[in-house]
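Input: a single structure, listed below in structure tokens.
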Amino acid sequence: MPLDQSFVGRTYPPTAPYQVGREKIREFATAIGATDPAHHDPEAARALGHPDVVAPPTFPVVITMAASRQLIEDPALGIDYSRVVHGDQRFAYTRPVVAGDELVCVNSVEEITSRGGHEFLTTRTDVSTTAGESVVAVWSKLVVRGEA
Amino acid sequence: MELPTQTFRVTRADLVRYAGASGDFNPIHWSDRFATKVGLPGVIAHGMFTMALVGRAVTTWAGSPDAVVDFGVRFTRPVAVPDDDTGTEIVVTAVVREVTDAGLTRLDVTATCLGEKVLSQARATVRTAG
């Protein structure tokens, strides 16, 4: 079943706030081998002008992947997740994510195209603090592979 | 200008650790049985793990962990990770495409595994000191 084109431009309601924990940033940094002290030591982060430890650049995916379930699991949009592969990923930062942030995601469907029997869904997630400060915009292109 | 090459070893243990830290428990990243059933050669690395390693390379080149202002990639080829002690290796190189008056440096990044490109259109913009 093709994706419903009428979803292009649709924006979903904001997700529940995600509390960015210092230990979560340390855990993520350790998992990717990022040893810079600013990811682990609040003093080192403060020396760079941040209130607490700084997340590595791809950390926001922890939040946006969970947030995107809203869209992926929307039966009306009709994504068969078992046939999804990750196509593109992009982050445009206003500032880095830091421990203590309380972040809300707003998902929208930016583009739906099809080519060669596959469908391509581009989503945009605007990540901002609960106080309304924008932090990072995240784009993901998912490829829904056609049935062979 | 070409930047110094950086290499990252990736083993199954790294994928398990990344799955836990990121919350991405897709079994194609830890189960050969599942991965081969869906037509993959075996367990593959999370695309976002590869992107995270490239992010490390970019912040190392930039000289600061908070320097990245824009970072995008296209995943073109899976990174197969064998179930042994050595795993595989991702090699990351970059060239400086542009240095703007606003103190931004734009990089074109290449990531390869076993000599094959695993990303395309990999670009990063970093804030450079000054």
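Chains as they are written, first to last, in UniProt numbering: chain A, 1 to 148; chain B, 1 to 130. Heads up, the beta-carbon is just placed ideally off N, CA and C, and yes, glycines get one too.
Going along chain A, which residues have a C-beta under 9 Å from residue i?
i                           : result
phenylalanine 71 of chain B : Pro57, Thr58, Gln89, Arg90, Phe91, Ala92, Tyr93
Residue i touches chain A at which residues, Cβ-Cβ below 8 Å?
i                       : result
threonine 59 of chain B : Ala34, Asp36, Pro56, Pro57
arginine 77 of chain B  : Simply none; closest approach about 11 Å.
arginine 97 of chain B  : Under the 8 Å cutoff, chain A gives no residues; its nearest Cβ is about 16 Å from arginine 97 of chain B.
glycine 47 of chain B   : His86, Gln89
Applying a beta-carbon distance threshold of less than 8 Å, which residues of chain B neighbour residue i?
i                       : result
valine 127 of chain A   : Here the premise fails: no neighbours, minimum Cβ distance about 14 Å.
histidine 39 of chain A : Pro65
Once DSSP output is grouped into helix, strand and coil, what is the label at residue i?
i                        : result
glutamate 102 of chain A : strand
histidine 29 of chain B  : helix
leucine 119 of chain B   : strand
histidine 118 of chain A : strand
aspartate 88 of chain A  : strand
valine 81 of chain B     : coil
serine 64 of chain B     : coil
aspartate 52 of chain A  : coil
threonine 5 of chain B   : coil
Of all Cβ atoms in chain B, is any one closer than 8 Å to the Cβ of residue i?
i                        : result
alanine 99 of chain A    : no
leucine 48 of chain A    : yes
histidine 118 of chain A : no
Which bits of chain B does residue i rub up against, with CB to CB less than 7 Å?
i                     : result
proline 96 of chain A : Asp66
valine 62 of chain A  : Ser22, Gly23
With 8 Å as the threshold, decide whether the Cβ of residue i is near any Cβ in chain E.
i                           : result
phenylalanine 34 of chain B : As a matter of chain content, chain E is missing from the structure shown, whose protein chains are A and B.
Any heavy atom of the ligand GTP inside 7 Å of the beta-carbon of residue i?
i                        : result
asparagine 26 of chain B : As far as ligands go, the structure on display features none, and thus does not contain the ligand GTP.
Chain A partners of residue i, CB-CB under 7 Å?
i                     : result
glycine 55 of chain B : Pro56, Pro57, Thr58
Quiz prompt | Interface residues of the region 108 to 122 of chain B facing chain A [CB-CB below 8 Å] | solution = Going along the region 108 to 122 of chain B in chain order, one finds Gln121 with a Cβ nearer than 8 Å to chain A.
Exercise. Kindly confirm or deny that the region 87 to 100 of chain B and the region 112 to 123 of chain B touch, where touching means at least three C-beta pairs closer than 8 Å.
Key: Counting Cβ pairs under 8 Å, three or more are found: they touch.
Quiz prompt | Residues of the region 13 to 30 of chain B with Cβ closer than 8 Å to any Cβ of chain A, in chain order | solution = Those residues of the region 13 to 30 of chain B that come within reach of chain A (Cβ to Cβ, closer than 8 Å) are Asp14, Arg17, Tyr18, Gly20, Ala21, Ser22, Gly23, Asp24.
Quiz prompt | the region 7 to 19 of chain A contacting the region 96 to 107 of chain A, beta-carbon criterion three pairs below 8 Å | solution = Output reads yes: the region 96 to 107 of chain A touches the region 7 to 19 of chain A.
Quiz prompt | chain B contacts from the region 10 to 33 of chain A (Cβ-Cβ distance under 7 Å) | solution = Residues Glu27, Phe28, Ala31, Ile32, Gly33.
Quiz prompt | contact_flag[the region 47 to 64 of chain B, the region 54 to 72 of chain A] where n(CB pairs < 8 Å) is 3 or more | solution = Touching, yes.
Quiz prompt | Interface positions of the region 63 to 84 of chain A facing chain B (Cβ-Cβ less than 7 Å), listed along the chain | solution = Residues of the region 63 to 84 of chain A with a C-beta atom less than 7 Å from some C-beta of chain B are Met65, Ala66, listed in chain order.
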